[in-house]
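Chemist: Got a structure for you, questions after.
Protein chains: 2
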Amino acid sequence: MHHLLTSFLRSKGIHDDKIIELVCNCFTLKEIKSKSILVDYTAIADAYYFINKGAVRIFTINSEGAESSRYFAFEGNFVAALPSFIDQKPAEEYMQTIEKCELLKISRTNFYKLVETVPTFAKIYTEILELGFIIAQKRIYGFQGFDALEKVQWTIKNQPQLLLRISNKMVASYLGISPSTLSRIKSKL
Amino acid sequence: MHHLLTSFLRSKGIHDDKIIELVCNCFTLKEIKSKSILVDYTAIADAYYFINKGAVRIFTINSEGAESSRYFAFEGNFVAALPSFIDQKPAEEYMQTIEKCELLKISRTNFYKLVETVPTFAKIYTEILELGFIIAQKRIYGFQGFDALEKVQWTIKNQPQLLLRISNKMVASYLGISPSTLSRIKSKL
DNA sequence: AAATAGTATTGACATAAGTCAACGTTTTTA
DNA sequence: TAAAAACGTTGACTTATGTCAATACTATTT
């Protein structure tokens, strides 16, 4: 039970089995079909998820109705609508499964209880934030002043699973280019 | 001495004067002229800065020699080449004063010592990361699929000081548009 | 398994934004 | 404070990428 989470925690330096059990017990397994909305636009995020299996994305819909993908997460990673989770304001974004998923869910209350009471867990949270920050920064950098071809090449180099696992349409909306342009670029690689 | 830092710490919930003094004593004041490089491209960031006066930016130079600005920070804020500071890898970016500055500098060693020993300071670090993450996210969002006019409008709304205080050229390189385009847009607002 | 809806590809065309250059203005440096 | 360098603005032109539409392909759903 909670195999992947257990090895994640071990890899982050939690070696005490009792603490691992304590942490794992805060999570409940949810099996969820593809395209389920986990956080709605106006909702306030009240849970953190660990992805046991499947894939999740975060996206918005702009005024013209076009989707814009912000983030994709796969097995072995945590995911949440973090700005809303942190500030408890409406998400102003959607979080959605994009494959059949097994998710380990922890309530915000329990999450912060763990942060308060388990120092190693607080460290993991800090690491998640640091990593999230670095990835976001790299993405801003990676995309700044790049043309469509360079963005695709950047993605191949830095997040190769995206092009293999995510639909063209979603990848295009992540890169801020049209599906047509992505298709044309891919045919020339 | 260290007025602005003191009130920053108070605003973040540190009320014990002894702790404020302890924290403040880890910082040394540096007066630095404009356009000084604080972190070089290949350097490893070993300090965190609190801006007492002035402005700092983080930027890179791409393969064609064009600058790309990532971040601007002003009085009352912390700034560092965070990815390098965290991972202790070469920065792959520059940190530079863009005005005459008074900076309060703390070494990485002392910074993490404070994080370890002063719980309220650890909380401040978490807040900095959370905020940095949220801002980076918002920026990705804010710019995703926006045309040049919309990016400028977004900046006016979300970071109005940029257009007032930073040169056209740097703002343009922050927005990922050419200075000509920014100039044309400004003349039509 | 058939029907339906969604997705990918490609061509023709439109357009936003880049480049380059010239000029005037502001800022820096000596 | 004069000279030099950097910056901002604007016009003419070029180009990358978007839009729209037709067709083919792939997944979902019943």
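Chains A and B supply the protein sequences, listed in that same order.
Residues in the first sequence are numbered consecutively from 12, following my numbering.
Residues in the second sequence are numbered consecutively from 12, following my numbering.
Here a beta-carbon is modelled for each residue, glycine too, at the ideal position from N, C-alpha and C.
Which parts of the segment 61 to 100 of chain B are runs of the alpha helix (DSSP H), unbroken and 4 residues or longer, counting only runs that do not cross its ends?
Modeler: 93 to 98
Chemist: For Q148 of chain A, would you say it is in contact with chain B, using Cβ-to-Cβ distances shorter than 8 Å as the test?
Modeler: yes
Chemist: Quick check on E127 of chain B: buried or exposed, where buried means 16 or more other Cβ atoms within 10 Å of its Cβ?
Modeler: Classification of E127 of chain B: exposed, given that the 10 Å Cβ count is below 16.
Chemist: Provide the residue(s) that pair with M106 of chain B in DSSP beta bridges, ordered along the chain.
Modeler: B:V50 and B:I69
Chemist: Between Y152 of chain A and chain B, is any beta-carbon pair separated by less than 8 Å?
Modeler: At a cut-off of 8 Å between beta carbons, Y152 of chain A contacts chain B.
Chemist: Is any beta-carbon of chain A found at less than 8 Å from that of Q170 of chain B?
Modeler: no
Chemist: Relative to the C-alpha of E75 of chain A, which residue among B:A147, B:Q172 and B:F157 is closest?
Modeler: B:F157
Chemist: Would you call P94 of chain B buried or exposed, if buried means 16 or more other Cβ atoms sit within 10 Å of its Cβ?
Modeler: buried
Chemist: Hey, is the segment 162 to 169 of chain A in contact with the segment 180 to 191 of chain A, meaning 3+ C-beta pairs nearer than 8 Å?
Modeler: yes
Chemist: Which residues, in order along the segment 58 to 84 of chain A, keep a beta-carbon less than 7 Å from a beta-carbon of chain B?
Modeler: T71, N73, A77, S79 and R81
Chemist: So, is H13 of chain B buried or exposed, given that buried needs 16 or more other C-beta atoms within 10 angstroms?
Modeler: buried
Chemist: Between E104 of chain A and K23 of chain A, which are expected to be in contact by the criterion C-beta below 8 Å, what is the C-beta distance as a whole number of angstroms?
Modeler: At roughly 27 Å, the Cβ-Cβ gap does not stay under 8 Å, so E104 of chain A and K23 of chain A are not in contact.
Chemist: Under a CB-based cut-off of 8 Å, is L114 of chain A close to chain B?
Modeler: Against chain B, the CB of L114 of chain A has no partner CB under 8 Å away; the residue lies outside that interface.
Chemist: Between Q155 of chain B and chain A, is there a C-beta pair that is closer than 8 Å?
Modeler: yes
Chemist: Could you pull out every residue in the same chain whose Cβ sits closer than 6 Å to the Cβ of T39 of chain A, ignoring the five residues on either side in sequence?
Modeler: Answer for T39 of chain A: K116, listed in chain order.
Chemist: In terms of DSSP beta bridges, what is T39 of chain A paired with?
Modeler: DSSP lists A:K116 as partners of T39 of chain A.
Chemist: Suppose you measure from the CA of F19 of chain A to the CA of E42 of chain B; what does that come to, to the nearest Å?
Modeler: 45 Å
Chemist: Using beta carbons (cut-off 8 Å, strictly below), is I97 of chain A in contact with chain B?
Modeler: yes
Chemist: Can you give me, in chain order, the residues of the segment 135 to 147 of chain A that have a beta carbon less than 7 Å from any beta carbon in chain B?
Modeler: T137, L140, E141, G143, F144, I145 and A147
Chemist: Could you give the DSSP three-state label for A133 of chain B: helix, strand or coil?
Modeler: DSSP places A133 of chain B in helix when its eight states are reduced to three.
Chemist: In three-state DSSP terms, what is E58 of chain B?
Modeler: According to the sequence provided, residue 58 of chain B is Ala. The question's Glu does not apply to it. In the structure shown, A58 of chain B sits in a strand (DSSP, three-state: E or B).
Chemist: Measure the CB-CB distance between F144 of chain B and F144 of chain A and report whether it falls below 8 Å.
Modeler: yes
Chemist: Less than 6 Å between C-beta atoms, sequence neighbours within five positions excluded: which residues of the same chain meet that for L15 of chain A?
Modeler: N63 and G87
Chemist: Would P94 of chain A count as contacting chain B if we go by Cβ distances under 8 Å?
Modeler: yes
Chemist: So with Cβ pairs under 8 Å, would you call G24 of chain B a contact of chain A?
Modeler: no
Chemist: Which residues, in chain order, does the segment 162 to 196 of chain A contribute to contact with chain B at a C-beta distance below 7 Å?
Modeler: Within the segment 162 to 196 of chain A, the qualifying residues are G187.
Chemist: Give the secondary structure of L20 of chain A by DSSP, where H, G and I count as helix, E and B as strand, and everything else as coil.
Modeler: Residue state, collapsed to three classes: helix.
Chemist: Thinking just about the alpha-carbon of each residue, which of A:S178, A:K197, A:M181 and A:E141 is nearest to the one in A91 of chain B?
Modeler: A:E141
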